[in-house]
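A quick write-up on the structure given underneath.
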Amino acid sequence: MAPNTCKLHQEYTALLQTSRIYRYRSPQTLLFKQLQFYSSGALNERISKLVVTEFGNYSTSDLKLLRDFVYDSKKEVSVFLKISEAAFDVFIAECLLSNNERCSIFVEDVISSMFVIGAKKYFFEEKKNCFCNETDSTSYRIAVENSPVD
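Residue 80 in UniProt numbering sits at position 80 of the sequence shown, with consecutive numbering throughout.
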């Protein structure tokens, strides 16, 4: 199941129409590079909080690995949005720095989509058939059942 890419793409397009959001015309600019740097830290922090909230009973190494899978799923989400990964980073940074409620909701939707994609990859590629206990499998089942679909 893929995230609700149509909804994400529509919201992304609508947010680009606003004058508050940077339009990525000059990836060589200092502002672009600063926003890209900020985004990686802010996004990683949000993802870490979500991973710990959902799977806090995992070992530290498993939590880091799961976080990495979720963070790496930004590649898939940027493809859904039809933008480069660098532009995705900057756009997320702009949304995180914005006081716009619509931007905040969009970022949360994107992070939720990334979480679903990353968690699925983690469980299917790393854990395969190894659900360590009932809590782990319940958390994953809830994440999958609540994942948006096209």
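C-beta atoms are modelled at their ideal positions from N, C-alpha and C, and glycine is treated no differently.
Nothing here was measured: the structure is a model prediction, and the numbers come from that model.
Span separating the alpha-carbon of residue i from that of residue j
i           : j          : result
residue 85  : residue 78 : 6 Å
residue 113 : residue 46 : 13 Å
residue 54  : residue 61 : 15 Å
residue 101 : residue 14 : 13 Å
residue 32  : residue 65 : 28 Å
residue 137 : residue 76 : At residue 137, the pLDDT of 47 sits below 50, so the modelled position is not reliable; the number obtained from the coordinates is stated separately. Those two C-alpha atoms are separated by around 24 Å.
Any non-hydrogen atom of the ligand FAD within 8 Å of residue i CB
i           : result
residue 107 : Only the bare structure without any ligand can be found here, which leaves the ligand FAD out of the picture.
For residue j and residue i, believed in contact at Cβ under 8 Å, the rounded distance
i          : j           : result
residue 73 : residue 117 : 4 Å
residue 12 : residue 81  : 5 Å
Same chain, Cβ closer than 6 Å to residue i, five either side skipped, listed in chain order
i           : result
residue 39  : 89, 92, 93
residue 67  : 47, 48, 51
residue 70  : 47, 114, 115, 118
residue 111 : 46
Per-residue burial, residue i [other beta carbons within 10 Å of its own, 16 or more giving buried]
i           : result
residue 8   : buried
residue 119 : buried
residue 35  : buried
residue 43  : buried
residue 37  : exposed
residue 123 : buried
Per-residue DSSP class, three states only, for residue i
i          : result
residue 57 : coil
residue 44 : helix
residue 92 : helix
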